[in-house]
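Student: The structure is given below, and queries will be raised subsequently.
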Amino acid sequence: MVSYKELGLVNTREMFAKAINGGYAIPAFNFNNMEQLQAIVQAAAETKSPVILQVSKGARNYANQTLLRYMAQGAVEYAKELGWENPQIVLHLDHGDSFETCKSCIEFGFSSVMIDGSHLPYDENVALTRKVVDYAHQYDVTVEGELGVLAGVEDEVSSDHHTYTRPEEVVDFVTKTGCDSLAISIGTSHGAYKFKPEQCHKDPVTGRLVPPPLAFDVLDGVMKELPGFPIVLHGSSSVPQEEVDVINAYGGQLEAAIGIPEDQLRKAAKSAVCKINIDSDSRLAMTAAVRKVLAEKKGEFDPRKYLGPARDNMKKLYIHKIINVLGSDGKA
Ligand code: G3H
Ligand code: 13P
Ligand code: ZN
């Protein structure tokens, strides 16, 4: 058993309380490799933003859970080296799918876990989340639960349509489970194809497709039932069209990739939404930079020459999110 405290990590409790009171949200960035982690830590250290490093099941399979944990430990030391005296870094399991997975991460030094029982019948979701909370709280590890279903893919679970969170269920869920934060469904979804073009209208000035707004009435309903309780938004990539354009200009084929407009996320960040999950945007920033270098320099075969620009492009994206969307700069 390794306590996250020994690794210099923190849980989400105080971070979320401050974010709600301060009207900003904490970035939760997924990482799978060294370049992503370097970019996240550099961006957080330079902006003095608290940050959540998220590890999905896919990341654990890809990079190995042991290696990822040591990388997160290294991230704390790296942040200090960059001049961030008291780094506020959470290591979080994204979309934990079983009690055993959550337990293994907690024993391994994670400071926060998500148990995603959103696809289960309500009572089973409650029971599973309660079991994880009882275990996690013994070690002061915080737990994110989920109510409502996001369209798209959540690891192996996929759904064609949203089931918005039902505000009338949230008090019962939070009371029975004791979870520390709640992920809700208000129209976001995972990946780079969040809306079909026919759901959107065309902006007369830019000619870009604008998706329908998020269900802020559902968020308001949840906040009314659970005043001051930390709310989480998954599937919050904006799918920057500049990155999509670069990818397509250099041989990619991302047709009609559409994300959540940043003004919607800015509005959410000012509310009780205190954790905003972003993964796809980082993938797009990385892919755009790699494609550009490889297309322009056909003789290049040193990975540092394309992964370096990819890292720089991701860092630029993370800093933009922190300062211009979440407002978490200067809060750590
Ligand atoms: O929840 C989805 C995240 O973007 C993680 O994706 O399971 O492909 O690593 P992944
Ligand atoms: P995006 O696919 O919108 O980046 O969402 C990531 C996420 O929710 C990770 O849990
Ligand atoms: Zn998610």
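When the letters of the sequence shown are read in order and numbered with my numbering, they come out as residues 1 to 332. Even for Gly, the Cβ is constructed at its ideal location relative to N, Cα and C.
For Ser112 and Pro204, what's the separation of their Cα atoms in angstroms?
Tutor: What you label residue 112 is simply residue 112 of the sequence shown in a count that begins at 1. What you label residue 204 is simply residue 204 of the sequence shown in a count that begins at 1. In a straight line, the C-alpha of Ser112 is about 44 Å away from that of Pro204.
Student: Do Val90 and Met15 come within 8 Å of each other at the CB atom, strictly closer than that value?
Tutor: Here residue 15 is taken as the residue at index 15 of the sequence shown, counted from 1. Here residue 90 is taken as the residue at index 90 of the sequence shown, counted from 1. Yes. Within cutoff.
Student: Given the structure, does Asn277 come close to the ligand ZN, in the sense that its CB is under 7 Å from one of the ligand's heavy atoms?
Tutor: The count along the sequence shown starts at 1 and reaches residue 277 at position 277. The answer is yes for Asn277.
Student: Rounding to the nearest angstrom, what Cα-Cα distance links Val157 and Leu7 in this structure?
Tutor: Taking the sequence shown and counting its residues from 1, the one referred to as residue 157 is at position 157. Taking the sequence shown and counting its residues from 1, the one referred to as residue 7 is at position 7. The pLDDT assigned to Val157 is 48, lower than 50, so where the model puts this residue is not dependable; a value taken from the coordinates is nonetheless given after this. Each residue's Cα considered, the two are about 32 Å apart.
Student: Measuring alpha carbon to alpha carbon, tell me which residue in Pro227, Ser236 and Ser282 is nearest Ala39.
Tutor: Numbered from 1 along the sequence shown, position 39 holds the residue referred to as residue 39. Nearest option by C-alpha distance: Ser282.
Student: Does any heavy atom of the ligand 13P sit closer than 7 Å to the C-beta of Asp97?
Tutor: Reading the sequence shown from its first residue, position 97 is the one you call residue 97. Incorrect: Asp97 has no Cβ contact closer than 7 Å to the ligand 13P.
Student: Would you mind reading off the limits of the beta strand (DSSP E) that contains His92?
Tutor: Translated into positions along the sequence shown, residue 92 becomes position 92. Taken as a continuous stretch (DSSP letters only), the beta strand (DSSP E) holding His92 covers Ile89 to Gly96.
Student: Touching or not, the segment 33-51 and the segment 64-84, by the rule of three or more beta carbon pairs under 8 Å?
Tutor: Verdict: yes, contact present.
Student: Taking the alpha-carbon positions, what's the Asp123 to Ile186 distance?
Tutor: Counting from 1 along the sequence shown, the entry for residue 123 is found at position 123. Counting from 1 along the sequence shown, the entry for residue 186 is found at position 186. So the alpha carbons of these two residues sit roughly 21 Å apart.
Student: In terms of alpha-carbon separation, which member of Ile231, Pro87 and Phe229 lies closest to Leu9?
Tutor: Indexing the sequence shown from 1 puts residue 9 at position 9. Measuring from the Cα of Leu9, the nearest candidate turns out to be Pro87.
Student: Under a three-way DSSP split, which group does Ala332 fall into?
Tutor: Walking along the sequence shown from the start, residue 332 turns up at place 332. Three-state DSSP puts Ala332 in coil, outside helix and strand.
Student: Going by DSSP in three states, Gly145 sits in which element: helix, strand or coil?
Tutor: Translated into the one-based positions of the sequence shown, residue 145 becomes position 145. Note: Gly145 maps to strand in three-state DSSP.
Student: Would the segment 224-232 count as touching the segment 178-185 if we require 3 or more Cβ pairs under 8 Å?
Tutor: At 8 Å Cβ cutoff, the stretches touch.
Student: Under the rule that 16 or more other beta-carbon atoms within 10 Å means buried, what is Arg304, buried or exposed?
Tutor: Position 304 of the sequence shown, counted from the start, is the residue given in the question as residue 304. Classification of Arg304: exposed, given that the 10 Å Cβ count is below 16.
Student: Within 10 Å of its beta-carbon, does Ala295 have 16 or more other beta-carbons around it, so buried, or fewer, so exposed?
Tutor: Counting from 1 along the sequence shown, the entry for residue 295 is found at position 295. Exposed, by the Cβ-count rule.
Student: So, under 8 Å CB-CB, Arg166 and Gly109 are touching, yes? Tell me the CB distance rounded to an integer number of Å.
Tutor: Mapped onto the sequence shown, residue 166 falls at position 166. Mapped onto the sequence shown, residue 109 falls at position 109. With a Cβ gap of about 35 Å, Arg166 and Gly109 do not count as contacting.
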